[in-house]
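**Student:** Please see the structure below; I have some questions.
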Amino acid sequence: MPKHEFFVDMTCEGCSNAVTRVLHRLGGVNFDIDLPNKKVCIDSEHNVDTLLETLKKTGKNASYLGEKSAQ
Numbered sequence: 017m018p019k020h021e022f023f024v025d026m027t028c029e030g031c032s033n034a035v036t037r038v039l040h041r042l043g044g045v046n047f048d049i050d051l052p053n054k055k056v057c058i059d060s061e062h063n064v065d066t067l068l069e070t071l072k073k074t075g076k077n078a079s080y081l082g083e084k085s086a087q
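Throughout the sequence shown, residue numbering follows my numbering, covering 17 to 87 in sequence.
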């Protein structure tokens with residue numbers, strides 16, 4: 017599954033909880049939230065546009081950083 021990295025302007029745990037809610041609602045995703053660095057890494061077959069639009073539903077500024085290589 018492709019792993020995509022996004023910037024999301026999260027400032028608190030409430031913000032990261034909002035990200036968790038919208039991604040769970042979308043379904044078919046595994047993700048890690050890096051709150052201090054304001055990054056969300058998502059494993060998903062959904063396309064980047066769908067993931068980005070989903071993240072923007074939180075009301076936070078979000079942008080695509082690129083595909084993250086497996087480590």
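Note that CB positions come from ideal geometry on N, CA and C, so glycine has one too.
#1: Going by other Cβ atoms of all chains shown within 10 Å of its Cβ, with 16 needed for buried, is L81 buried or exposed?
#2: Which whole runs of the alpha helix (DSSP H) in the stretch 32–69 are 4 residues long or more, in chain order?
#3: When burial is assigned at 16 or more other CB atoms within 10 Å of the CB, is T27 buried or exposed?
#4: With a cut-off of 7 Å, does the C-beta of V24 fall near any C-beta of chain D?
#5: Quick check: what's the CA-CA separation for S79 versus R37?
#6: What are the start and end residues of the beta strand (DSSP E) that includes G75?
#7: When every heavy atom of the ligand MN is checked, does at least one fall within less than 6 Å of the C-beta of T36?
**Tutor:** Taking the coordinates as given:
#1: exposed
#2: none
#3: exposed
#4: The structure shown has no chain D; it contains just one protein chain.
#5: Their Cα atoms are separated by approximately 18 Å.
#6: Note, G75: premise wrong, no beta strand (DSSP E); not H, not E.
#7: Of the ligands one can find in the structure shown there are none, so the ligand MN has no counterpart to examine.
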